[in-house]
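In our numbering, the protein residues as written are 34 to 193.
In what follows, a single structure is set out as structure tokens and then discussed.
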């Protein structure tokens with residue numbers, strides 16, 4: 034890839050991911066512990082805290098473990114059961130926002146460092162291209178931001 038293309042892709046991926054993460058932080062920072070940990074009365078719904086915990090775990094896995102080779106431990110199933118203080122989770126999101134640009138740079142300049150990292154249900158993780166991984170992260174963050182917004186709106190509408 035030509036240098037300009039790499040720079041444009043880098044800027045786009047980092048900007049879009051950071052926008053999603055910043056919005057997640059803002060939503061969480063405006064929630065009480067009770068709100069953040071309440072699961073809406075819908076089949077398969079998750080609390081706001083669990084949604085954001087999953088996003089941190091997903092990005093740490095794909096960006097930190099697969100791309101950067103950091104072997105960040107992940108228990109994907111427990112992400113959906115997570116609960117706690119939303120301010121602490123906002124700190125985790127901030128940490129992720131600082132680290133993610135470096136992982137994007139690794140993906141675009143070196144490729145995948147660890148194809149053996151465990152922590153996903155996807156069968157194609159071992160053969161995914163760096164571009165696929167970056168787009169997967171961006172898509173997941175965007176999708177879960179929407180889920181978080183709907184979760185917040187449901188909680189507010191139901192008096193939480």
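Don't be surprised by glycine CBs; every beta carbon is placed ideally from N, CA and C.
The structure displayed is predicted, hence computed values, not measured ones.
- One Cα belongs to residue 80, the other to residue 138, and the distance between them is close to 32 Å.
- The stretch 65-76 makes no contact with the stretch 153-166; the number of CB pairs closer than 8 Å stays below 3.
- DSSP places residue 49 in the helix class (H, G or I) of the three-state scheme.
- Closest in alpha carbon position to residue 125, among 180, 104, 142 and 91, is 91.
- Burial state of residue 85 is buried, judged by a 10 Å Cβ sphere holding 16 or more other Cβ atoms.
- Collapsing the DSSP output to three states places residue 186 in a helix.
- Residue 49 places its beta carbon less than 9 Å from that of residue 171.
- In the three-state scheme derived from DSSP, where H, G and I count as helix and E and B as strand, residue 133 is classed as helix.
- With respect to the 9 Å criterion, residue 51 and residue 113 are not classified as neighbours on the basis of their beta carbons.
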